[in-house]
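Numbering-wise, the sequence shown is residues 54 to 313 according to the working numbering.
Cβ atoms here follow ideal geometry from the backbone N, Cα and C, with glycine treated the same way.
What you are looking at is a predicted structure, and each value in this text was computed from that prediction instead of being measured.
Before any comments, here is the structure.
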Amino acid sequence: MSRRRQIYEGKAKILYEGPEPGTLIQYFKDDATAFNAQKKGTIQGKGVINNRISEYVFTRLNHIGVPNHFIRRLNMREQLVRQVEIIPIEVVVRNVAAGSISKRLGIPEGEMLPHTLIEYYYKDDALGDPLIAEEHIACFGWANHDEMQDIAAMAIRVNDFMAGMFAAINIRLVDFKLEFGRIWDGDFSRVILADEISPDGCRLWDMTTGEKLDKDRFRRDLGGEEEAYQEVARRLGLLQDDNGPSEVLDLTKHRKLRGK
């Protein structure tokens, strides 16, 4: 069997050449990073869980008419996706103040925002993915006006859908990151959703207890990362037919270990 050609390796995924033209194989790693890779570690089984969650979300988004790169899941850690020209912008959708916006603007974490807020960040690890305005995007030609209109519309639609989806399983969608790419048909291109949607790129809080069920557990040394990711998948009904971990989420022991 010939060795697959690696196209790209990021912090959480590896992209390989796909079996057909215009396709890629996306492999989910267990590696965890935070603060622009200044903090590194491993969350056991994260790649398997993120593969399942991302498959589930992208499939449902496709059903409601949000075009995306997902084709099908291949195995526990890999999925087949359409090859896109990634637009170098991270789109962050915020419903509740948390993370960098709380630090930048002094808004208490957990405060509901007056309305959903969309922020744009330039994808450049060396620069720390700086916050940018739409004027920067237009000035430097990272995306044109029509593409940004499509991106904003899709981001709001994804937010509306996912907020309801997670609320139905008692999880608050605090904020999340999206990435988009272009697919080409001759000289014509259109923008579709790409990358992944998982607890790596979403802030997800239990609506009853406020427990964090996302990568903030890793960022803030809270412990219980594996259980938190599993709990999100379990509530979505993705582990019921697997022989995966079956323990009930119990983050109390991690608080006790921290003396809280």
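Exposure label - residue i; buried when at least 16 CB within 10 Å
| i | result |
| --- | --- |
| residue 283 | buried |
| residue 192 | exposed |
| residue 178 | exposed |
| residue 312 | Caution applies to residue 312, whose pLDDT of 49 falls short of 50 and renders its modelled position unreliable; the value that the coordinates give is listed next. Exposed, since its Cβ has fewer than 16 Cβ neighbours within 10 Å. |
| residue 197 | exposed |
Limits of the unbroken beta strand (DSSP E) element including residue i
| i | result |
| --- | --- |
| residue 165 | 165-175 |
| residue 70 | 66-70 |
| residue 131 | 131-135 |
N- and C-terminal bounds of the alpha helix (DSSP H) containing residue i
| i | result |
| --- | --- |
| residue 231 | First-last for residue 231: 224-238, but that is the beta strand (DSSP E), not the alpha helix (DSSP H). |
| residue 220 | 198-220 |
C-alpha gap between residue i and residue j, whole angstroms
| i | j | result |
| --- | --- | --- |
| residue 86 | residue 157 | 21 Å |
| residue 298 | residue 278 | Low confidence applies here, because residue 298 scores a pLDDT of 41, under 50, leaving its location unreliable and the question unanswered by this model. |
| residue 72 | residue 165 | 45 Å |
| residue 167 | residue 60 | 42 Å |
| residue 140 | residue 127 | 26 Å |
| residue 144 | residue 240 | 25 Å |
| residue 132 | residue 121 | 13 Å |
Beta-carbon spacing of residue i, residue j below 9 Å
| i | j | result |
| --- | --- | --- |
| residue 268 | residue 252 | yes |
| residue 148 | residue 244 | no |
| residue 88 | residue 99 | no |
| residue 236 | residue 266 | no |
| residue 95 | residue 84 | yes |
Opposing strand residues paired with residue i [DSSP bridges]
| i | result |
| --- | --- |
| residue 265 | 258 |
| residue 146 | 171, 229 |
| residue 92 | 87 |
| residue 282 | Answer is none; residue 282 lacks a bridge partner. |
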